[in-house]
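**Q**
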Amino acid sequence: MDTVLVLLHAESDGTLSTPAFEAVEAAARTSAETKSAGFAVGVIGATTQPALDAVAASGASRFFAAEHPELAQSRYASDAAAAEAVCRASGASLIIAPMTSRWARALPGVAHRLGGQIDTHVTGAGVAGGVVSVNRWFYRQRMEGVLTRAKRPWIILIDPGAVSAWAGPAGSASAEHVAVEIGPALTRTRVAGIEAPPAEQQTIRPDAELLFVAGAGWTKKQADGHVHSAEAEALILDFLRASRASLGSSKSLVDLSGEGHSVLQFMSHLNQVGQTGSTPRHPKGLAACCHGEEPHVVGWRFITERRAINLDPNCGWARGKADVLYVADAFAIMKKVNDLLAGGR
Ligand SMILES: Cc1cc2nc3c(=O)[nH]c(=O)nc-3n(C[C@H](O)[C@H](O)[C@H](O)COP(=O)(O)OP(=O)(O)OC[C@H]3O[C@@H](n4cnc5c(N)ncnc54)[C@H](O)[C@@H]3O)c2cc1C
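Its first residue numbered 72, the sequence shown is counted upward by one per residue in this note's numbering.
Here it is, written out as structure tokens:
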């Protein structure tokens with residue numbers, strides 16, 4: 072019988088992120104389905120008590136904490152040492168953790184040190200006939216595989232957004248503190264500072280309810296024979312500010328900058344959705360001035376409700392790829408939408 076540990080890292084204020092609560096939900100379900108004697112929660116960080124208390128009522132029977140001031144920042148050497156110590160203390164054979172950049176960097180090395188194996192980008196875990204299996208997408212999200220492993224310990228990193236987050240009342244957890252030695256050799260790498268765009272310029276928002284995709288049509292000649300890139304930028308940015316939507320792009324639009332065409336300044340290849348771009352997860356998506364070709368729409372695999380605005384009634388979205396297609400001028404529609412969001416008429 073497997074013993075389950077959900078392994079988390081606390082944020083700088085000691086709390087947990089949404090992906091951490093999702094991993095707790097995945098661990099609670101797997102523990103129940105394997106009829107394990109209960110699962111354990113392990114948290115590393117500079118301060119761990121707020122995180123432990125937040126999941127005190129999750130059904131876990133044991134709690135482990137590795138605390139050290141050096142764990143305030145993400146760093147492979149110290150994170151791996153702390154994670155290894157918690158895994159060994161728990162004796163768990165199945166270790167479920169959120170697929171954060173911090174764990175994606177540290178836990179493959181931990182799996183090696185423990186003599187176990189790891190699977191990253193897991194989108195679901197289940198049990199059939201008493202055997203634990205995980206789901207994972209291959210070949211740019213085109214094929215889904217279900218795999219099991221005999222090797223233990225088995226570390227499973229759950230992709231953010233793949234499982235609903237555990238939601239329960241906070242309580243009071245009493246943790247077993249795991250000693251972790253973090254000497255100078257483990258702290259040679261230091262975070263000197265974080266350079267990030269201001270929040271309002273940060274256009275990729277994985278937690279947003281809505282994905283707004285802009286296509287190359289925004290930079291093409293319009294009915295009056297002219298391009299209106301400045302107007303397009305203003306309309307899109309106003310909409311993002313008011314809706315807090317996440318911004319996606321077609322490949323054609325982000326490629327234009329390399330060809331010296333008129334471009335939207337805030338768009339980069341990081342925004343690209345599709346076969347050679349990202350596959351974001353949002354409940355709703357709205358595409359405007361994007362044709363909806365297959366290599367683009369394949370990136371919408373996890374968008375539940377899809378709408379598109381296009382002048383062309385024969386565009387790709389019209390062929391079963393969108394739930395609703397507005398055959399209309401996106402400039403006019405988005406102006407009206409922005410007016411409505413601003414409280415106008
Ligand atoms: C191997 C390979 C991989 C690829 N990977 C990707 C990928 O990952 N992601 C991706 O996006 N593409 C990818 N592509 C490219 C993809 O096939 C399309 O070429 C691309 O998605 C087209 O982008 P677009 O719809 O923005 O531009 P266009 O095809 O130029 O379409 C612009 C659209 O805007 C509409 N339009 C113009 N003005 C307005 C207006 N005022 N109001 C409303 N609509 C308007 C037009 O009717 C038109 O449909 C890939 C292609 C290949 C071969």
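Even for Gly, the Cβ is constructed at its ideal location relative to N, Cα and C.
Secondary structure at W237, three-state DSSP: helix, strand or coil?
**A** Three-state DSSP puts W237 in coil, outside helix and strand.
**Q** Is any heavy atom in ligand 1 found nearer than 7 Å to the beta carbon of E82?
**A** Checking every heavy atom of ligand 1 against the Cβ of E82, none is found closer than 7 Å.
**Q** Are the CB atoms of G319 and L281 nearer to each other than 8 Å?
**A** No.
**Q** Return the first residue and the last residue of the alpha helix (DSSP H) that L411 is part of.
**A** From DSSP, the alpha helix (DSSP H) with L411 extends over A401 to L412.
**Q** Give a yes or no on whether the C-beta atoms belonging to N171 and A125 are separated by under 8 Å.
**A** In the sequence under discussion, the amino acid at residue 171 is Thr, which differs from the Asn named in the question. Their beta carbons are not under 8 Å apart, which means T171 does not touch A125 by this criterion.
**Q** Could you check where the beta strand (DSSP E) with D422 kicks off and where it finishes?
**A** Nothing can be reported for residue 422, as the shown portion of the chain is limited to 72 through 416.
**Q** Given this structure, state the Cα-to-Cα distance separating R261 from S149, to the nearest angstrom.
**A** The straight-line gap from Cα to Cα measures roughly 11 Å.
**Q** Rounded to the nearest angstrom, what separates N381 and A359 at their Cα positions?
**A** When rounded, the distance between both Cα atoms is 6 Å.
**Q** Closest to G116 by C-alpha separation, out of T350, S323 and A153, would be which residue?
**A** Nearest C-alpha to G116: A153.
**Q** What residues in its chain sit with their C-beta under 6 Å from that of A160, if we drop five residues either side in the sequence?
**A** Answer for A160: F135 and V249, listed in chain order.
**Q** With three or more beta-carbon pairs closer than 8 Å as the criterion, would you say the region 383-391 touches the region 337-345?
**A** Touching, no, given that fewer than three Cβ pairs across the two stretches are closer than 8 Å.
**Q** Using C-beta distances below 8 Å, list every residue in its chain close to A393, excluding the 5 sequence neighbours before and after it, in chain order.
**A** Here the set comprises A358, G363, R377, R378 and A379.
**Q** In the DSSP assignment, the beta strand (DSSP E) including Y397 goes from what residue to what residue?
**A** That run of the beta strand (DSSP E) goes V395 to V398.
**Q** Using the Cα positions of F209 and V217, report the straight-line distance between them to the nearest angstrom.
**A** Straight-line Cα distance between these residues: approximately 10 Å.
**Q** Going by DSSP in three states, N381 sits in which element: helix, strand or coil?
**A** N381: strand per DSSP, three-state reduction.
**Q** Starting from E138, trace the beta strand (DSSP E) in both directions and tell me its first and last residue.
**A** Unbroken beta strand (DSSP E) run through E138: R133 to E138.
**Q** According to DSSP, simplified to helix, strand and coil, what is G264?
**A** Looking at G264 - three-state DSSP - the assignment turns out to be coil, as it is neither helix nor strand.
**Q** Need the endpoints of the beta strand (DSSP E) that G356 sits in, please.
**A** G356 -> beta strand (DSSP E) spans K355 to A359.
**Q** Grab me the residues of W289's own chain with a C-beta within less than 6 Å of its C-beta, minus the 5 sequence neighbours each way, in chain order.
**A** Correct list, in chain order: A303 and C360.
**Q** List the endpoints of the continuous beta strand (DSSP E) containing I226.
**A** That run of the beta strand (DSSP E) goes W225 to I229.
**Q** Quickly, what does DSSP pair M214 with across the bridge? List them, please.
**A** DSSP output for M214 lists F209 as bridge partner(s).
**Q** Just checking, does the region 227-242 make contact with the region 190-198 on the three C-beta pairs under 8 Å criterion?
**A** Counting Cβ pairs under 8 Å, three or more are found: they touch.
**Q** Leaving out the 5 sequence neighbours to the left and right, which residues in its chain are closer than 7 Å to E96 when beta-carbon positions are compared?
**A** So the list reads V234, S235, A236 and W237, once near-sequence residues are dropped.
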